[in-house]
Amino acid sequence: MLKLESPEVRMSLPLEPRAPDPTTLAAYWAEYEDLCRQISTAQHNEDDENLYEEGELEAEWLQAAGLASLAAPFQDGQEVTEAQLGEAVRPLPREQAAAVRRRVRRLNRTVRRKRAASRAKKPDIRDVFRDLETFKALTADLRWKIL
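Here the working numbering is used: the first residue of the sequence shown is 994, the next is one more, and so on.
Right under this line is the structure:
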């Protein structure tokens, strides 16, 4: 062993590294493999979510839950009314009704977003190239004045 001595500290450092304890090493590798599995599962789930358009996952969930009547308005591009929602969740327990309400809220938000995006004014092609026509007219006038 190498001994370091100083006025303040006296300590010994081993010259050769110790071999790791087999149980500690096994626990480390088990934890590492578990983390790799979790990351792989998380990436797989993210890939599944990316396959759906906005709102489709909620609509599919409602259909799987037996509430296709709540998914139908979304597919027609309409919002689910409060009356339709209230009628559908009336027989459900409170927790399930809350989950259904959250999904329907997301669907309605998606419908409103899509409707607003479709209403957004698209520029008229004549407005886009109006400046170009003005520029051409001005340059033509200048050419005649120079000649």
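In this text, a Cβ means the ideal position worked out from N, Cα and C, and glycines have one as well.
On a predicted model such as this, the values are computed, not experimentally measured, just so you know.
Closest Cα partner of residue i within the set the options
i	options	result
PRO1053	ARG1099, ALA1012 and ASP1014	Note on identity: in this sequence residue 1053 is Glu, with Pro being the wrong assignment. Nearest option by C-alpha distance: ARG1099.
ALA1090	ALA1058, ILE1032 and THR1016	ALA1058
ASP1069	CYS1029, PRO1116, ALA1019 and ARG1108	ARG1108
Environment of residue i [buried if 16+ CB atoms lie within 10 Å]
i	result
PHE1067	buried
LEU1060	buried
ALA1081	buried
C-alpha gap between residue i and residue j, whole angstroms
i	j	result
SER1111	ALA1076	27 Å
ASP1014	TRP1022	12 Å
CYS1029	ALA1035	10 Å
THR1017	ILE1032	23 Å
THR1132	LYS1114	32 Å
Residue i in three-state terms, based on DSSP
i	result
ALA1090	helix
LYS1114	coil
GLN1056	helix
GLU1024	helix
6 Å Cβ shell around residue i - same chain, five flanking residues per side excluded
i	result
LEU1078	VAL1097
GLU945	Nothing about residue 945 can be read from this structure; the chain reaches only from 994 to 1140.
Spatial neighbours of residue i in its chain, beta-carbon cut-off 8 Å, leaving aside the 5 residues before and after
i	result
VAL1093	LEU1055, ALA1058, LEU1060, LEU1063, LEU1078, ALA1081, VAL1082 and LEU1085
VAL1073	LEU1063, PRO1066, PHE1067, VAL1097, LEU1100 and ASN1101
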